[in-house]
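Respectively, the protein sequence lines represent chains A and B.
With the UniProt record's numbering applied, the first sequence closes on residue 244, and no number is skipped along the way.
With the UniProt record's numbering applied, the second sequence closes on residue 220, and no number is skipped along the way.
Note that beta-carbon positions come from the ideal geometry of N, C-alpha and C, so glycine has one too.
Note that this is a predicted model, so its numbers are computed, not measured.
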Amino acid sequence: MLSTLKERTGEVLLPGDEFSFETDDSISLTGPVRPEKVVCGPGLRRSGDRLLVCKSGVLRHKQPHMFWMDSQQRRYVPAKGETIIGIVTVKSGDVFKVDFGGSEQASLSYLAFEGSTKRNRPNVQVGDLVFSQFLIANKDMEPELVCVDSSGRANGMGVFGGGGLVFTVSLGLVRRLLTPHSEVLADLQQLFPCELVVGMNGRLWVKSSSVQQTLVISNLLQSCDAMTAQQRRQLFRRVAQGAL
Amino acid sequence: MMEVCGSSNVTLREFGCEQSLLSRPDGSASFIQGDTSVLAATYGPAEVKVSKEIYDRATLEVLIQPKVGLPSVRQRSQEQCVRETCEASLLLSLHPRSSLTLILQLIHDDGSILSCFLNAACMALIDAGLPMSCLFCGVTCAIDADGQIVTDPTAAQEKESRAVMTFAIDSTERRVIMSSTKGSFSVHELQQCIAVSQKASEKIFQFYRDSVKRRYSKTL
């Protein structure tokens with residue numbers, strides 16, 4: 001099965017395609033037999049002894065044995081450990097309710113901020129933007145957010161956002177922005193100096209030196225969602241020359 | 001698969017499909033079969049009203065809008081057919097207490113409308129990235145006055161036929177998920193129509209695969 005998966009890496013697969021153990025998978029009788037291990041990421045599900053594709057997309061592979069489906073999606077489904085941009089909607093007693101664009105609102109305790117105690121409450125109002133990560137995110141329970149990491153430090157998380165603009169893009173663009181040597185980010189850095197916060201729920205926050213530049217950057221990011229690399233570089237070049 | 005009688009011909013009208021054409025929904029697709037054209041949009045998994053939530057799976061709602069006027073009883077029965085097919089192929093238990101909404105807008109009706117709804121719905125669900133265990137497609141067959149089976153009939157052909165049947169076929173084992181029939185026909189004719197539909201579904205699934213390949217062909 002590992003060999004078929006490796007062969008089909010980079011192919012576009014549809015839901016319903018499956019991978020199973022071939023009958024002529026030979027086990028060597030002389031050498032040591034190592035069990036094949038395959039780690040399935042998003043888009044692949046195990047069903048009995050078969051591996052089923054459940055989302056359309058391109059099959060990707062990371063050494064040594066991780067496989068997942070790279071699909072283009074707009075709606076965010078929460079996953080533990082992901083950092084997102086949320087908007088505080090309700091402030092009730094000890095808990096804030098945060099909207100992150102999913103099927104229900106997440107809860108954020110007031111004690112989950114750096115340096116907050118029962119006497120020293122954080123300054124969070126309804127409508128504030130918070131950059132936080134999921135502590136609990138599965139299909140059976142209400143999602144829970146925290147603004148501290150496991151050692152109790154904020155590490156960049158918390159309330160933010162005076163003077164910037166929040167907008168939504170597809171999840172694919174967000175992942176491309178967060179890869180280690182992101183081309184999109186490199187092209188953007190050559191344009192205007194700006195502050196950018198990337199939430200994995202598809203929300204981006206941008207702040208630049210003037211309102212016009214902020215709007216230009218937000219329009220550029222929203223439009224380069226569906227462009228190839230070459231079209232995007234052409235567009236950025238035109239903007240840098242002052243055409244837009 | 002059952003044996004196909006030689007006298008039937010599996011000719012389908014020209015297909016056309018476009019994905020992600022609307023900016024607001026999470027997934028959208030338009031599907032064109034000859035002159036029949038349908039636009040589908042999907043939202044989800046999103047918030048659900050407490051009265052409609054199901055504790056262990058997602059609530060799927062299908063809305064069919066006709067070209068003119070408000071939805072009537074005919075649209076409600078078509079919605080039921082589409083909803084049952086989608087519920088059979090979506091993995092609803094992965095999103096409990098959420099809602100999935102599928103909206104199908106009829107652009108032009110020239111026959112085989114229920115199968116066009118099913119095909120557009122499947123493409124929109126693929127586009128939205130909702131987890132599915134298999135794909136499905138819709139095929140319409142009409143039996144004309146001579147007893148010939150015509151696949152993918154136009155509106156004029158449907159009017160002159162004595163029976164019209166629509167089947168939803170799944171992609172993994174080519175089995176019938178849903179059937180909707182109108183008119184009078186024999187058991188043998190029904191079995192022949194099912195066999196013809198299963199054969200026609202191969203072409204439709206190959207078309208889905210080509211459409212999705214084209215969509216992912218741009219290296220972004």
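C-beta contact flag for residue i and residue j at 8 angstroms
i: B/Gly34; j: B/Ala128; result: no
i: A/Phe134; j: A/Gly81; result: yes
i: A/Gly172; j: A/Gly101; result: no
i: B/Ile143; j: B/Ala121; result: no
i: B/Ile149; j: B/Cys116; result: no
i: B/Met132; j: B/Leu90; result: yes
i: B/Ile113; j: B/Thr59; result: no
i: A/Glu114; j: A/Ala79; result: no
i: A/Phe192; j: A/Ile217; result: yes
i: B/Tyr216; j: A/Val12; result: yes
i: A/Arg8; j: A/Leu59; result: yes
i: B/Thr11; j: B/Glu61; result: no
i: B/Gly44; j: B/Ile32; result: no
i: A/Leu178; j: A/Leu145; result: no
i: B/Ala29; j: B/Ala46; result: no
i: A/Gly43; j: A/Ser20; result: no
i: A/Ala240; j: A/Glu183; result: no
i: B/Gln65; j: B/Leu106; result: yes
Assigned secondary structure, residue i (DSSP; H/G/I helix, E/B strand, else coil)
i: B/Ser7; result: Residue confidence is low: B/Ser7 scores 45 on pLDDT, short of 50, so the model does not pin down where it sits. No coordinate-derived value is stated.
i: B/Thr154; result: coil
i: B/His188; result: helix
i: A/Val95; result: strand
i: B/Lys182; result: strand
i: B/Phe31; result: strand
i: A/Ala112; result: coil
i: B/Ile54; result: coil
i: A/Ser47; result: strand
i: A/Ala106; result: strand
Beta-bridge pairing of residue i - partner residues as DSSP gives them
i: A/Gln133; result: A/Thr83, A/Val146
i: A/Arg203; result: A/Thr168
i: A/Ala229; result: The partner list for A/Ala229 (beta bridge, DSSP) is empty, contrary to what the question assumes.
i: B/Tyr43; result: B/Thr101
i: B/His108; result: B/Ser37
i: B/Cys141; result: B/Thr151, B/Met165
i: B/Glu61; result: B/Thr101
i: A/Leu59; result: A/Met69
i: A/Met1; result: For A/Met1, which the question treats as bridged, DSSP gives no partner whatsoever.
i: residue 221 of chain B; result: Residue 221 of chain B is absent from the model: chain B starts at 1 and stops at 220.
i: A/Val88; result: A/Val98
i: A/Cys194; result: A/Ser208
i: B/Val176; result: B/Ile169
Residue i: contacting residues in chain D (beta-carbon distance under 8 angstroms)
i: B/Met178; result: Given the protein chain composition of this structure (A and B), no chain D is represented.
Residue-level contact to chain B via CB, residue i, 8 angstroms cutoff
i: A/Gly57; result: yes
i: A/Gln234; result: no
i: A/Glu183; result: no
i: A/Gly16; result: yes
i: A/Cys54; result: yes
i: A/Ser20; result: no
i: A/Val12; result: yes
i: A/Arg75; result: yes
i: residue 268 of chain A; result: Residue 268 of chain A is absent from the model: chain A starts at 1 and stops at 244.
i: A/Ser71; result: yes
i: A/Asp49; result: no
i: A/Lys97; result: no
i: A/Lys139; result: yes
i: A/Thr179; result: no
i: A/Thr228; result: yes
CB contact check: residue i to chain A, cutoff 8 angstroms
i: B/Ser28; result: no
i: B/Met1; result: Only weak support is given to the placement of B/Met1: the predicted model assigns it a pLDDT of 41, under 50, and the value that follows is read from those uncertain coordinates. It does not: the Cβ of B/Met1 has no partner Cβ on chain A nearer than 8 angstroms.
i: B/Ala200; result: no
i: B/Arg174; result: no
i: B/Leu118; result: no
i: B/Leu22; result: no
i: B/Ser197; result: no
i: B/Ile54; result: no
i: B/Cys5; result: Low confidence applies to B/Cys5: its pLDDT is 46, below 50, so where it sits in the model is not reliable, and the reading given next is rough at best. Not one chain A Cβ lies under 8 angstroms of B/Cys5.
i: B/Ala128; result: yes
i: B/Ser8; result: Its pLDDT being 47, under 50, B/Ser8 is placed unreliably in this model, and the value from its coordinates should be taken loosely. No, B/Ser8 lies away from the interface with chain A (no Cβ there is under 8 angstroms from its Cβ).
i: B/Leu94; result: yes
i: B/Gly44; result: yes
i: B/Leu60; result: no
i: residue 262 of chain B; result: In this structure chain B extends from 1 to 220, so residue 262 of chain B is not present and cannot be described.
Heavy atom of the ligand GTP within 7 angstroms of residue i beta-carbon
i: B/Ser28; result: Ligands in the displayed structure: none, and consequently the ligand GTP is not present.
Using 8 angstroms as the cut-off, can you tell me whether the region 46–59 of chain A makes contact with the region 152–168 of chain A, which would need three or more C-beta pairs spanning the two stretches below that distance?
no
Counting Cβ pairs, one atom from each stretch, are 3 or more of them under 8 angstroms apart for the region 158–177 of chain B and the region 195–214 of chain B?
yes
Say whether the region 84–100 of chain A touches the region 57–72 of chain A, bearing in mind that this needs 3 or more beta-carbon pairs closer than 8 angstroms, one atom from each stretch.
no
Is the number of C-beta pairs between the region 78–87 of chain B and the region 176–195 of chain B that are closer than 8 angstroms three or more?
yes
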